[in-house]
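Chains as they are written, first to last, in the numbering used here: chain A, 3 to 147; chain B, 3 to 147. To start, the structure itself, in C-alpha cells.
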DNA sequence: TATTGTTATACTCTATAACTATA
DNA sequence: TATAGTTATAGAGTATAACAATA
C-alpha cells in the first residue's frame with residue numbers, strides 16, 4: 003500500500019494538483035523577492051497588498067491569517083515608514099481603519115507590478131484558451147459569497 | 003489614465019489573474035491553518051514539505067527563499083522535536099544532508115493531507131475538463147528544465 | 001457580556017557579518 | 001580563493017494572556 007498522500011498520488015487530479023503546487027511555490031518566491039527588493043518584510047508586504055481598500059485592524063488580521071495583536075506592531079512599523087495611517091471609524095469608536103498613504107499606494111503598485119509578472123505569461127494562451135481556463139478555474143474555485 | 007496596475011486591470015488576463023491570486027491566498031491560509039494545527043511555525047512546516055527527499059542545508063535555504071544562516075536554527079528546532087536529523091554527505095565533507103525521521107515523515111503526511119484538501123474540489127470537473135485544465139496550465143507554466 | 005485594539009511576554013524568523021572547516 | 005555551514009546580533013514576526021475602552 004502506497005505511503006503517498008492524496009495530494010501526491012498520481013492520476014489526473016494528482017497531476018493537476020502538482021502543477022498548482024508549483025504555481026503556488028513560484029508565486030510565493032516571487033512575492034518574497036518583491037518584498038525584499040522594496041525592503042519590506044513578507045508580512046508587511048502582505049498587509050500592503052490587502053489594503054486596496056481601508057480595513058479595520060481586526061479585518062486585516064483575518065486577511066493575513068495572524069492574531070489580532072500582531073497587527074498593532076505591524077501597522078506601527080508601516081506607519082513609522084509613512085506607508086499607512088490609522089483613522090477612527092465613524093460607526094464604532096472601538097474600531098480603527100488602516101488606510102494607505104500616497105507613498106503606501108505607490109509602494110503597493112510596485113509590489114503588484116513585481117508579483118503580477120506571470121500575467122504576461124498568460125499571453126502564451128490564445129484568447130479562446132484564456133476563456134476556457136477562466137471557466138475551468140471558476141468551477142474549481144467558485145466565489146464564496 | 004487608470005492608476006490600476008497590469009495585475010489588477012480588467013480584461014481577460016486580468017480576470018484569470020484575479021482568480022489565480024484568490025487561489026494563492028486560499029492556499030496560503032490553508033497552509034497557515036495546517037501548520038498551526040500541528041503546532042509548527044510556517045517556516046518549519048515549509049521545510050518539512052520541501053523534505054520529500056534529503057536536502058543539503060544550502061539547498062533547503064534556496065527552496066525556502068531565505069538566508070543560509072536561518073536554516074541552522076530552523077533545523078536545530080526541528081531536530082529537537084525529533085522530526086529531522088542531520089547526516090554528513092559522503093561526497094563533500096562540508097555538506098550536511100537534512101533527513102526526515104519517521105515522526106517527521108508522519109507529520110509531513112498530515113500536513114499534505116490538510117494542505118491538499120482542494121484536490122477533492124477538482125472532482126467538480128469531469129475527466130475531460132481536468133485534462134483540459136492540465137494542458138492549459140502546462141502551457142502557462144511549463145517546467146523549467 | 002462580548003468585541004476591538006493594545007500591551008507584555010516569550011519564542012521564532014530573518015538578514016547581515018564574521019568565523020571555521022573543507023574544497 | 002570559493003563554498004557549506006555555524007555563530008552572534010539586531011530587528012521583526014507570532015501566539016498567548018491580560019487589559020482598557022466601547023458596544
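C-beta: ideal position from N, C-alpha, C; glycine also. Keep in mind it's a predicted model, so treat the numbers as computed, not measured.
query, result
"Proximal chain B residues relative to residue 29/A, where beta-carbon distance stays under 7 Å", "26"
"Partners in chain B for residue 12/A, counting only beta-carbon separations shorter than 8 Å", "Neighbours of residue 12/A on chain B: none; closest Cβ ~12 Å, over 8 Å."
"Cutoff 8 Å: residue 39/A Cβ touching any chain B Cβ", "no"
"CA-to-CA distance, residue 76/B to residue 109/B, given in whole angstroms", "16 Å"
"Span separating the alpha-carbon of residue 13/B from that of residue 130/B", "27 Å"
"The region 14-26 of chain A touching the region 95-115 of chain A, judged by at least three CB pairs closer than 8 Å", "no"
"Coil, strand or helix - residue 7/B by DSSP", "In this prediction, residue 7/B has a pLDDT of 48, which is less than 50 and means its spatial position is unreliable; nothing more can be read from the coordinates."
"Interface flag, residue 55/B vs chain A, CB-CB below 8 Å", "no"
"Assigned exposure category for residue 6/A - 16 Cβ within 10 Å defines buried", "Because residue 6/A sits at a pLDDT of 49, beneath the cut-off of 50, its placement in the model cannot be relied upon, and the following sentence gives the value as read from the coordinates. So residue 6/A counts as exposed."
"Proximal residues of chain A, C-beta to C-beta of residue 131/B below 7 Å", "138"
"Chain B contact for residue 134/A (CB, 8 Å cutoff)", "yes"
"Of the listed residues 74/A, 119/A, 114/A and 82/A, nearest to residue 99/A (C-alpha basis)", "74/A"
"Option in 51/B, 136/B, 72/B and 41/B with minimal Cα separation from residue 117/B", "51/B"
"DSSP state of residue 2/A mapped onto helix, strand, coil", "With chain A running from 3 to 147 in the structure shown, residue 2/A is simply not present."
"For residue 47/A, the nearest candidate out of 114/A, 94/A, 71/A and 72/A (CA to CA)", "114/A"
"Nonlocal neighbours in the same chain, by C-beta distance under 8 Å from residue 70/B, ignoring five residues either side", "59, 60 and 63"
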